[in-house]
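As structure tokens, the structure follows; a few thoughts come after it.
Number of protein chains: 2
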Amino acid sequence: MAAMDIANHLRRHKKSLTRARAEIWHILTQSEKPLSPDEIHRRLTGHKVDLATVYRNLRALKDIGLVREIDLREAFKRYEAILPGQHVHHIMCQVCGRIEKVRHCVVQNMANAIQKESGFTLKDHSLECFGICPSCQPHKTKAQGT
Amino acid sequence: MAAMDIANHLRRHKKSLTRARAEIWHILTQSEKPLSPDEIHRRLTGHKVDLATVYRNLRALKDIGLVREIDLREAFKRYEAILPGQHVHHIMCQVCGRIEKVRHCVVQNMANAIQKESGFTLKDHSLECFGICPSCQPHKTKAQGT
DNA sequence: GCTTAACTTGCAAACGATTTGCATTTTTGT
DNA sequence: ACAAAAATGCAAATCGTTTGCAAGTTAAGC
Ligand SMILES: [Mn+2]
Ligand SMILES: [Mn+2]
Ligand SMILES: [Zn+2]
Ligand SMILES: [Zn+2]
């Protein structure tokens, strides 16, 4: 989604390109990981933007398909820009909380099998992984108790 | 998880087998779909159980690995009994809300690829699908506009 | 640019799912 | 049955998120 296109995308949906929206969109496109509403709010540096406005805009951007909402089993949701040609999932470290992208999408390969098994037409999916990152791997010692 | 084993499983974790727990567990094992705390609460027929107790017990059962918490993009979480040898995901109809099991797990096949790509040790994952169920399929007519 | 309608925002209050403090009750292990 | 540990009911608190409304901004046509 070129920075230029977002305005058109918004206009098509009768939405304005406001300062808050532009800044939120910028923050999301720059971030390497999905951000919480609060994190986004704290990164807003220009004119004052209310947290409620952040929520309203995240919802608006999500509704028109520019932003994806992600549940990583935290107390809040995270949001990330949907970039063209990118289908991304995530893996979060259960020890340190680090979040990385997983570009591998397993679901698309199996879409047919899932549709066949369920009889549903598959439209969308959530896939998030949890594990232990390289830095948090337990150190192996010679003793290998139970 | 045989009905008998749950008591032992609880005991191993210093948890009691209370009437509320037994009843909640029974409700979960009988349900064909994951239930919300409120749905569970409404299905409790025996002696009075407070909704807070339902929440406390769902958390307890989840913490000791008997119950799984599921996010289907609703305002609440759903819970389901973890039965031995079952690895299940779900697909929800975006039109009528119907929920079906997806016994197919795509992630396990790709676990190695994901671990290789991310460097993480994969421990767990969430995978939920969304689509349109057979009853809600749009009726096809001869006209096929854009 | 000017004008007006449509859309958005700040602010404070409301919401709703979930959690928690505490006195009381139930369950457990002996 | 008994004491200790764990769980419960109840009411209040929490906290992420939403909403009403008056005021401010943006979009579109002159
Ligand atoms: Mn995918
Ligand atoms: Mn799976
Ligand atoms: Zn880590
Ligand atoms: Zn349906």
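As given, the protein sequences belong to chains A and B, one line each in that order.
This note's numbering runs 464 ahead of the 1-based position in the first sequence.
This note's numbering runs 464 ahead of the 1-based position in the second sequence.
A virtual CB, placed ideally from N, CA and C, is assigned to each residue, including glycine.
Rounded to the nearest whole angstrom, the CA to CA distance from B:A575 to B:T482 is 38 Å. Using a Cβ-Cβ distance cut-off of 8 Å, the segment 586-601 of chain A and the segment 551-565 of chain A are in contact, since at least three pairs of beta carbons, one from each stretch, lie closer than that value. Taking 8 Å as the threshold, the shortest C-beta distance from B:F594 to chain A falls below it. For A:G583, the nearest beta carbon of chain B is closer than 8 Å to its own beta carbon. Under the three-state reduction of DSSP, B:K541 is assigned to coil, being neither helix nor strand. Partner residues in the beta bridge of A:C557, as assigned by DSSP, are A:G595. Close partners of B:C557 in chain A (Cβ separation under 9 Å): F584. A Cβ-Cβ contact shorter than 8 Å links A:L586 with A:I578. Note that the C-beta distance between B:H473 and B:I528 is below 8 Å.
For B:V566, the shortest separation between its Cβ and any heavy atom of ligand 4 does not lie below 7 Å.
Between the alpha carbons of B:R537 and B:H553 lies a distance of about 14 Å. Residue-level contact check: B:L522 does not touch chain A, since none of the beta carbons of chain A fall below 8 Å from its beta carbon. Scanning B:S495, B:P548, B:R532 for the CA closest to the CA of B:K541 turns up B:R532.
Looking from the CA of B:I534, the closest CA among B:D514, B:D469, B:P501, B:H505 belongs to B:P501. In this structure B:A545 does not touch B:L522 by the C-beta definition: roughly 11 Å separates them, more than the 8 Å allowed.
Annotation for A:R567: no beta strand (DSSP E) segment contains it, and DSSP assigns it neither H nor E.
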